[in-house]
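Written out below as structure tokens is the structure these notes cover.
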Amino acid sequence: MSRTVRFALCAALALAAAPVFADGPFRFFPITPCRLADSRPSNPIAAQTSRNYTVQGACGIPVNAKAVVLNATIVGAPTDGYVTLHPSNVARPLAANLTFKAGEPALGNGAIVGLATTTPDLTAYVFLASGSSHFVLDTTGYFCKVDGGGACIP
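According to the working numbering, the sequence shown holds residues 93 to 246 in order.
Quick look at the structure:
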């Protein structure tokens with residue numbers, strides 16, 4: 093593959109992801125760990141489905157946050173699978189934030205995920221070959237653009 097073609101492909105990939113983070117740089121704001129979602133009370137996630145969540149405005153995360161620090165945990169998966177987290181206004185990427193084996197009681201992984209500017213602002217896709225599993229989503233901080241005084245701005 094020629095350098096020109098490689099450069100064009102890299103530029104296209106960079107531009108495809110640009111809308112989420114185009115207006116940076118951003119500052120990180122840690123928060124006390126907070127549970128955003130937990131399907132365990134009664135609502136497991138079925139195989140190969142997505143769930144949408146509204147993160148901005150929850151757990152002290154401002155409505156102008158651009159990204160969030162998450163811990164995604166799968167609980168009691170009946171088959172091998174994966175979880176992909178992404179802003180709800182973009183197509184699901186081909187990368188997974190968490191992969192797991194059948195029968196693991198619980199497995200979690202941290203991720204920094206961009207947020208959509210509309211609500212719901214976060215999508216979690218859970219792939220299981222069959223059955224259903226529980227899903228827990230916790231946050232420990234967020235990123236936003238700041239003004240000269242360090243406050244979050246739109």
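Ideal Cβ positions, reconstructed from N, Cα and C, are used throughout, including at glycine.
In this text the structure is predicted, and so the values were computed from the model without any measurement.
- Message: Would residue 169 pass as an interface residue toward chain C - the criterion being a Cβ-Cβ separation below 8 Å?
- Response: Looking for chain C here will not work: only one protein chain is present.
- Distance, residue 207 Cα to residue 215 Cα: Start at 1 with the first residue of the sequence shown, and residue 215 comes out as number 123. Start at 1 with the first residue of the sequence shown, and residue 207 comes out as number 115. Going by the C-alpha atoms only, they are around 9 Å apart.
- Item | Neighbour-count burial assignment, residue 233, 16 or more Cβ in a 10 Å radius | Position 141 of the sequence shown, counted from the start, is the residue given in the question as residue 233. Buried, because 16 or more other Cβ atoms sit within 10 Å of the Cβ of residue 233.
- Spatial distance of residue 101 from residue 178 (CA atoms): Residue numbering aside, residue 101 sits at position 9 when the sequence shown is read from its first letter. Residue numbering aside, residue 178 sits at position 86 when the sequence shown is read from its first letter. With a pLDDT of only 39 at residue 101, under the threshold of 50, the placement of this residue in the model should not be trusted; the figure read from the coordinates follows. Computed Cα separation, rounded: 22 Å.
- To which residues does DSSP link residue 151 through a beta bridge? Start at 1 with the first residue of the sequence shown, and residue 151 comes out as number 59. According to DSSP, residue 151 bridges with nothing at all.
- Message: For residue 132 and residue 146, I'd like the C-alpha separation in whole angstroms.
- Response: For the purposes of this step, residue 132 is taken as the residue at position 40 of the sequence shown. For the purposes of this step, residue 146 is taken as the residue at position 54 of the sequence shown. So the two alpha carbons sit approximately 18 Å from each other.
- Item | Residues that DSSP places opposite residue 143 in a beta bridge | Indexing the sequence shown from 1 puts residue 143 at position 51. In DSSP, residue 143 forms a bridge with 216.
- Message: At the level of alpha carbons, what is the spacing between residue 173 and residue 143?
- Response: As a position in the sequence shown, residue 173 is number 81, starting the count at 1. As a position in the sequence shown, residue 143 is number 51, starting the count at 1. Distance from the CA of residue 173 to the CA of residue 143, rounded to the nearest whole angstrom, comes to 16 Å.
- Item | Continuous beta strand (DSSP E) stretch holding residue 161: start and end | Taking the first residue of the sequence shown as position 1, residue 161 is located at position 69. Run containing residue 161: 159 to 167, per the beta strand (DSSP E) assignment.
- Query: Assuming residue 137 and residue 227 make a contact with CB atoms under 8 Å, what is their CB distance in whole Å?
  - Reply: Sequence index remark: in the sequence shown, residue 137 carries index 45 (1-based). Sequence index remark: in the sequence shown, residue 227 carries index 135 (1-based). 5 Å between Cβ atoms; contact.
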